[in-house]
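Here is the structure we will look at, set down as structure tokens.
Here is the structure:
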């Protein structure tokens, strides 16, 4: 494991920080990995835990490292959002009231994640990390197990703990036993209690460059090179977003995005709103979120275009950027991007999608009046 980090793409600074921690032999009891989803936080957490256990006797070492990679307990306690079972209360265990098909899905997702560290772990209707999942940590840490130097509690999407669950976690963070390390992972560390953040050693994970995303897609998702290159430039530095775009027919999404932008800038308000509402009223709200993401991303690309950085974009897409900059070369895009990002985040707060559509079109149309 002296080659720690060699298989982790695009996170040189994070790897260097973790290597320094390891070499200091002053291992913090809690780490907070924050940064975009789909950039390697989970992969790095697993590899770091393996690094901490390289001093285990040779007879046990190889087998232990394999079990860590497979996320097996009692080596790893993997905490993630779960759905709520019928009749479930906080007194039940995290999985006690879940139906067999959901239990089977959980096992399947964990297996996929262990084989592909960039796989986006998803379970139907799993919106929050349950307080019962946090309470289960006490059993894990109390278990006497000396096959390895360190065991870990990996908390994925840590921001999905409610306040009650976060307060329960605080009690575990205050006095963890020796040989236990907590690794919290989230794109949104500002949604964690300050008292949790202050107890963690923070490691920032950077967005991945398009070439890196392309390489990951080729290696772990067996995509063809043409498709991998195409979506990597629109992925916002995230493997997860790149995969989502391909799963939802990226070409169609991009065409719809350009159409909505053109209608909005051309003051064809009703046509633009209708086009966006057709997506928001469809069977897949995720497609609506991706259109909003592509609209926000388009304005980021407008900035790149101003400095001649068009990368490998389709010709029609570049044309929309160039024409916009010809007409609005002095327009400050910072406030527009901020407002669009706010509207995009509103989709997670049960705000009516038609209302979001209206606000987005009005914001885009207001540009033509400036």
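In this note's numbering, the protein residues as written are 797 to 1166.
Heads up, the beta-carbon is just placed ideally off N, CA and C, and yes, glycines get one too.
Give the range of the beta strand (DSSP E) segment to which residue i is assigned.
i: residue 873; result: 872-875
i: residue 1103; result: From DSSP, residue 1103 is part of no beta strand (DSSP E); its letter is neither H nor E.
i: residue 1040; result: Premise fails: residue 1040 lies in the alpha helix (DSSP H), 1035-1043, not in any beta strand (DSSP E).
i: residue 1111; result: That residue, residue 1111, is in no beta strand (DSSP E); its alpha helix (DSSP H) goes 1111-1123.
Under the rule that 16 or more other beta-carbon atoms within 10 Å means buried, what is residue i, buried or exposed?
i: residue 1086; result: buried
i: residue 1040; result: buried
i: residue 977; result: buried
i: residue 922; result: buried
i: residue 879; result: buried
i: residue 1071; result: buried
i: residue 804; result: buried
Report back the beta-carbon spacing between residue i and residue j to the nearest angstrom; my notes put them in contact at under 8 Å.
i: residue 791; j: residue 939; result: Only positions 797 to 1166 of the chain appear in the structure, and residue 791 is not among them; the question remains open.
i: residue 953; j: residue 982; result: 6 Å
i: residue 1088; j: residue 1012; result: The pair is not a contact, with the Cβ atoms about 24 Å apart (cut-off 8 Å).
i: residue 927; j: residue 964; result: 6 Å
i: residue 1092; j: residue 835; result: Contact flag wrong, Cβ pair sits at about 18 Å.
Taking just the CA atoms, how far does residue j sit from residue i?
i: residue 1133; j: residue 914; result: 28 Å
i: residue 1052; j: residue 849; result: 50 Å
i: residue 1170; j: residue 949; result: No answer is possible for residue 1170: the residues shown for the chain start at 797 and end at 1166.
i: residue 1121; j: residue 957; result: 43 Å
i: residue 809; j: residue 1000; result: 8 Å
i: residue 968; j: residue 933; result: 8 Å
i: residue 832; j: residue 1068; result: 30 Å
i: residue 916; j: residue 993; result: 24 Å
i: residue 1060; j: residue 1161; result: 5 Å
i: residue 1034; j: residue 811; result: 18 Å
i: residue 1049; j: residue 898; result: 31 Å
i: residue 882; j: residue 893; result: 6 Å
Please state the DSSP three-state secondary structure of residue i.
i: residue 891; result: coil
i: residue 988; result: coil
i: residue 982; result: strand
i: residue 867; result: coil
i: residue 823; result: coil
i: residue 1155; result: helix
i: residue 1001; result: coil
i: residue 949; result: strand
i: residue 850; result: coil
i: residue 1127; result: coil
i: residue 829; result: strand
i: residue 976; result: strand
At what residues does the alpha helix (DSSP H) containing residue i begin and finish?
i: residue 901; result: 896-911
i: residue 922; result: It is not in any alpha helix (DSSP H) - residue 922 carries neither H nor E in the DSSP assignment.
i: residue 962; result: 959-970
i: residue 1051; result: 1046-1061
i: residue 886; result: Where residue 886 is concerned, there is no enclosing alpha helix (DSSP H), given that its DSSP letter is neither H nor E.
i: residue 927; result: 927-938
i: residue 1007; result: 1006-1016
Cβ of residue i versus every heavy atom of the ligand FMN: is any distance shorter than 6 Å?
i: residue 1094; result: The model depicted lacks the ligand FMN and carries no ligand whatsoever.
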